[in-house]
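The structure appears right after this line, and notes come after that.
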Amino acid sequence: MSMKKIIVLLIVVLSASAFTTYKYYPIDGYERTGIKRLKRLELIKSGELKDATALPVGALKSYSDIQLNLLSRKSDSAMGLMQVNEDFQKEISALFRGLDKSYSLTVLDISDPENVRYAERNETAGYQPGSVGKLAVLVGLFTQLEKIYPDSFEKRTELLKNKSVKAGVWGLTDEHTIPIYNIEKNTLVKRQVIASDVFSLYEWADHMLSVSNNGAASIVWREVLLMAAFGEKYPDLTQEETDTYFKETPKKELTDLSNDVVNLPLRDLGITSDEWRLGSFFTRGAITYVGDKGGSIGSPQGLMKFLVHLEQGKVVDEASSLEMKRLMYMTDRRIRYAQSPALKEAAVYFKSGSLYKCDRSKGEACGKYMGNVTNFMNSVIIVEQPDNCKYMVVLMTNVLRKNSASDHMYLAGNIDKIIRKG
1 MSMKKIIVLL IVVLSASAFT TYKYYPIDGY ERTGIKRLKR LELIKSGELK DATALPVGAL
61 KSYSDIQLNL LSRKSDSAMG LMQVNEDFQK EISALFRGLD KSYSLTVLDI SDPENVRYAE
121 RNETAGYQPG SVGKLAVLVG LFTQLEKIYP DSFEKRTELL KNKSVKAGVW GLTDEHTIPI
181 YNIEKNTLVK RQVIASDVFS LYEWADHMLS VSNNGAASIV WREVLLMAAF GEKYPDLTQE
241 ETDTYFKETP KKELTDLSND VVNLPLRDLG ITSDEWRLGS FFTRGAITYV GDKGGSIGSP
301 QGLMKFLVHL EQGKVVDEAS SLEMKRLMYM TDRRIRYAQS PALKEAAVYF KSGSLYKCDR
361 SKGEACGKYM GNVTNFMNSV IIVEQPDNCK YMVVLMTNVL RKNSASDHMY LAGNIDKIIR
421 KG
């Protein structure tokens with residue numbers, strides 16, 4: 001090979017390397033979204049910033065690589081795809097032999113969209129969804145964005161990036177911290193939300209999902225309510241106008257509207273009130289303005305319907321479904337089901353939720369995630385293995401006096417094994 005050809009080849013290789021160095025989504029999404037923590041992850045991956053926390057291989061998927069898996073089945077109903085495959089069902093059921101009905105599950109193998117496999121267990125049982133309910137807030141957000149800008153998805157994402165809002169009492173109180181990265185000083189601080197915090201809608205949504213911050217969820221839900229109330233005037237809404245609105249609007253009216261904006265979009269997807277509903281905000285601070293209504297509940301069947309519609313591009317529209325999936329993509333610490341070693345190389349789109357209650361008078365061991373009255377732990381996940389094995393799981397449990405995270409990890413590994421062997 002001539003020296004000239006070698007130089008040309010070297011330039012091509014170096015160019016390709018430079019192009020792919022930063023291609024990790026959502027790490028490569030900073031310029032598009034303005035979510036500052038992504039910039040920090042980008043610097044870590046490029047080697048410009050040293051950090052002891054290694055990202056899982058499955059967290060390095062490119063922004064452009066994230067796609068919807070069931071577009072070819074868009075005309076099918078969710079329940080049409082959720083038809084039990086007897087052989088698959090037998091294998092999945094065997095994992096639960098000897099366990100009581102505190103374990104409920106739906107699983108859909110979509111590796112071959114034209115030949116999906118589905119199995120279920122106590123699929124209609126209702127559980128307190130906990131933080132899984134934040135996905136309903138996400139659906140509400142993109143529903144209202146579409147109403148404000150029905151003809152431009154670009155304008156919707158511009159609003160998410162450029163509209164900054166203040167936390168106020170809505171963000172109080174929550175033990176979960178949020179990552180605050182200062183790009184200029186190259187510093188990272190993790191702390192709870194305070195009333196004076198100001199972030200863009202994209203960043204609040206990211207705080208709601210990536211670290212499951214309850215304050216962020218209440219703030220995003222508040223903004224969804226305001227979008228519904230003010231419509232096309234929302235993008236220019238001032239803090240003063242917001243304060244006046246909440247001060248002068250009756251609490252019942254605010255409660256009814258806040259309930260509608262997160263629940264009616266689910267009904268439009270054919271998810272019934274008994275299958276999935278959200279009844280109360282995630283922080284005590286929000287109670288100043290809105291009340292509870294209808295209670296919260298989730299079922300494996302209802303949440304699987306949501307995942308199917310998402311992969312079909314039918315949650316609001318195709319562009320919105322894809323962006324919601326990107327926001328669910330995990331590049332932060334994996335927990336519970338998603339922490340299974342079997343998923344290390346897989347891309348995972350995940351939301352976990354838990355809620356426990358203790359009665360100390362019983363004299364039983366009881367603590368965090370080990371409630372003796374209720375002990376809900378829920379995992380909603382889309383898994384994409386590098387060998388093109390793709391599937392979705394909703395696992396909901398209420399196992400008393402035991403941290404079920406180990407159960408979720410055990411089941412994750414075994415479900416993955418069953419699906420990957422075909």
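Letter by letter, the sequence shown follows residues 1 to 422 in full-length UniProt numbering. Note that CB positions come from ideal geometry on N, CA and C, so glycine has one too. This one's a predicted model, so the numbers in the text were calculated from it and none came from an experiment.
Residue i - DSSP class collapsed to helix/strand/coil
i: D174; result: coil
i: N398; result: strand
i: S379; result: strand
i: A125; result: coil
i: E384; result: strand
i: N182; result: strand
i: V12; result: Residue placement at V12 cannot be trusted, given a pLDDT of 36 that sits under 50; what the coordinates show is reported in the next sentence. Here V12 sits in helix by DSSP.
i: I418; result: helix
i: Y329; result: strand
i: Y149; result: coil
i: T106; result: strand
i: R97; result: coil
i: I287; result: helix
i: K314; result: coil
i: K368; result: coil
i: R334; result: coil
i: G298; result: strand
i: S77; result: coil
i: M1; result: Legend: pLDDT at M1 = 48, less than 50; position of this residue unreliable, value from coordinates given subsequently. DSSP places M1 in coil when its eight states are reduced to three.
i: Y25; result: Reliability of the predicted coordinates at Y25 is poor, the pLDDT of 41 falling under 50, and the value obtained from them is presented with this limitation in mind. Coil, per DSSP.
i: T272; result: coil
i: V393; result: strand
i: K247; result: helix
i: A195; result: coil
i: A405; result: helix
i: A412; result: helix
i: L237; result: coil
Between the CA atoms of residue j and residue i - distance to the nearest angstrom
i: I66; j: L343; result: 17 angstroms
i: F88; j: D197; result: 49 angstroms
i: Q128; j: S280; result: 11 angstroms
i: A94; j: P113; result: 25 angstroms
i: E146; j: V189; result: 34 angstroms
i: F246; j: L322; result: 33 angstroms
i: R73; j: K185; result: 48 angstroms
i: V116; j: L307; result: 14 angstroms
i: I92; j: K421; result: 13 angstroms
i: C366; j: N403; result: 10 angstroms
i: N69; j: V84; result: 20 angstroms
i: P56; j: D76; result: 34 angstroms
i: M227; j: T173; result: 24 angstroms
i: residue 428; j: R277; result: There is no way to answer for residue 428, as the model of the chain reaches only from 1 to 422.
i: S352; j: A125; result: 17 angstroms
i: K293; j: A136; result: 15 angstroms
i: Q385; j: F350; result: 14 angstroms
i: R222; j: K252; result: 15 angstroms
i: L105; j: D317; result: 27 angstroms
i: I110; j: G98; result: 28 angstroms
i: E31; j: L41; result: 13 angstroms
i: L237; j: T33; result: 21 angstroms
i: N414; j: A346; result: 15 angstroms
i: P341; j: E248; result: 52 angstroms
i: K23; j: L257; result: A caution first: K23 carries a pLDDT of 30, below 50, which makes its placement in the model unreliable, though a value can still be read off. Near 40 angstroms, if we compare the C-alpha coordinates of L257 and K23.
i: T21; j: S46; result: Bear in mind that a pLDDT of 29 at T21, under 50, signals an unreliable position, so the model cannot answer this.
i: residue 425; j: A405; result: Residue 425 lies beyond the range of the chain shown here (1 to 422); nothing can be said about it.
i: Y25; j: Q144; result: A caution first: Y25 carries a pLDDT of 41, below 50, which makes its placement in the model unreliable, though a value can still be read off. About 25 angstroms.
i: R121; j: K155; result: 42 angstroms
i: F153; j: F142; result: 10 angstroms
i: S210; j: I183; result: 19 angstroms
i: E123; j: K39; result: 40 angstroms
i: Y181; j: F199; result: 12 angstroms
i: R326; j: D100; result: 35 angstroms
Integer Cβ distance of residue i from residue j, believed to fall under 8 angstroms
i: M208; j: A195; result: About 17 angstroms separates the two Cβ atoms, so there is no contact after all.
i: residue 425; j: R336; result: The requested residue 425 is not part of the displayed model; the chain covers only 1 to 422.
i: residue 428; j: T272; result: The structure shown does not extend to residue 428, since the chain spans only 1 to 422, so no value can be given for it.
i: L266; j: V139; result: 7 angstroms
i: E203; j: I44; result: The pair is not a contact, with the Cβ atoms about 19 angstroms apart (cut-off 8 angstroms).
i: A412; j: G270; result: Contact doesn't hold; Cβ gap of about 28 angstroms is too wide.
i: L108; j: M304; result: 6 angstroms
i: V193; j: L225; result: Actually they are not in contact, since the Cβ atoms of V193 and L225 sit about 18 angstroms apart, beyond 8 angstroms.
i: C389; j: I418; result: The pair is not a contact, with the Cβ atoms about 11 angstroms apart (cut-off 8 angstroms).
i: T242; j: V290; result: With a Cβ gap of about 14 angstroms, T242 and V290 do not count as contacting.
Any non-hydrogen atom of the ligand GDP closer than 6 angstroms to residue i Cβ
i: I271; result: Within the structure as shown, the ligand GDP is missing, as the structure has no ligands at all.
Assess, as a yes-or-no matter, whether the region 162–174 is touched by the region 322–332 under the definition of 3 or more beta carbon pairs within less than 8 angstroms. In the pairwise beta carbon analysis, the region 322–332 is classified as not touching the region 162–174: fewer than three pairs are separated by under 8 angstroms.
Would the region 370–378 count as touching the region 344–357 if we require 3 or more Cβ pairs under 8 angstroms? The region 370–378 vs the region 344–357: in contact.
At a cut of 8 angstroms, does the region 389–397 reach the region 295–302 through at least three beta carbon pairs? The region 389–397 is in contact with the region 295–302.
Should the region 373–386 be called in touch with the region 149–164, which here means at least 3 C-beta pairs below 8 angstroms? Too few Cβ pairs lie closer than 8 angstroms, so no.
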